[in-house]
Amino acid sequence: MDDVPATISQEPGPVAAALLDPRLVCELVLDGHHLADDTVRPAHRVAGPDRLVPVSDAMPAAGMADGDYAFADREVTVAGGVARLRGTDTLAGSTLFVAEAFRRAVLTVGLPLADAVRMTSGTAARLLGLRDRGALRPGLRADLVELDATLRPARVWLGGVMVG
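Using our numbering, read the sequence shown as starting at 297 and increasing by one per residue.
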């Protein structure tokens with residue numbers, strides 16, 4: 297028992313430290329596999345929508361059907377939309393698009409719609425240093441996504457011009 301520490305550290309781990317540090321914005325892969333949905337709710341309560349951004353670490357199989365793929369030096373199996381290194385349980389990246397992360401934040405995780413909008417627009421723009429977008433205000437670039445009742449993109453405007 298001589299090698300057991302006499303005290304247990306009272307310091308927060310890196311995740312708690314990041315959530316508690318007001319200087320940081322935390323990026324969340326909201327695919328339900330990289331991060332448990334039950335972890336997102338307390339993260340949202342601690343950090344709030346101005347310090348959380350849904351992101352994707354999408355790999356080339358994003359948008360592809362389930363199956364086996366080879367990318368660069370990796371062999372990947374996608375099953376049920378989850379990409380794993382072939383023959384292992386190791387995640388190989390996600391097949392998640394940010395639009396789906398947004399939908400999951402609201403419909404699955406249960407975050408307020410206004411917070412999900414803020415996280416994917418204003419907070420993301422601020423994190424990227426894009427001061428000319430991220431909100432609907434006079435003088436800002438008019439990038440807008442109109443959503444349908446299922447929170448899927450219905451129409452898109454870039455710089456005030458409808459493109460889809």
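Just so you know, even glycine gets a beta-carbon here, dropped at the ideal spot from N, CA and C.
For L403, which of E442, A354, S352, L326 has the nearest alpha-carbon?
L326
Cut-off 7 Å between Cβ atoms - residues of its own chain near G377, not counting five sequence neighbours on either side
T391
Within the stretch 299 to 377, ranges of the alpha helix (DSSP H) (whole runs, at least 4 residues):
Correct list: 310 to 316, 333 to 343.
From P350, V452, L387, A361, residue whose alpha carbon lies closest to that of G418
The option with the nearest alpha carbon to G418 is P350.
Could you tell me the alpha carbon to alpha carbon distance between R337 and C322, rounded to whole angstroms?
13 Å
Going by other Cβ atoms of all chains shown within 10 Å of its Cβ, with 16 needed for buried, is F398 buried or exposed?
buried
Could you please give the first and the last residue of the uninterrupted alpha helix (DSSP H) stretch that includes L403?
394 to 403
Using the DSSP secondary-structure output, state which residues sit across from L423 in a beta bridge.
Beta-bridge pairing by DSSP links L423 to no other residue.
V372 classed as buried or exposed, judged by whether at least 16 other C-beta atoms fall within 10 angstroms
buried
For V459, count neighbouring C-beta atoms within 10 Å of its own C-beta (all shown protein chains included) and say buried if the count is 16 or more, exposed if not.
exposed
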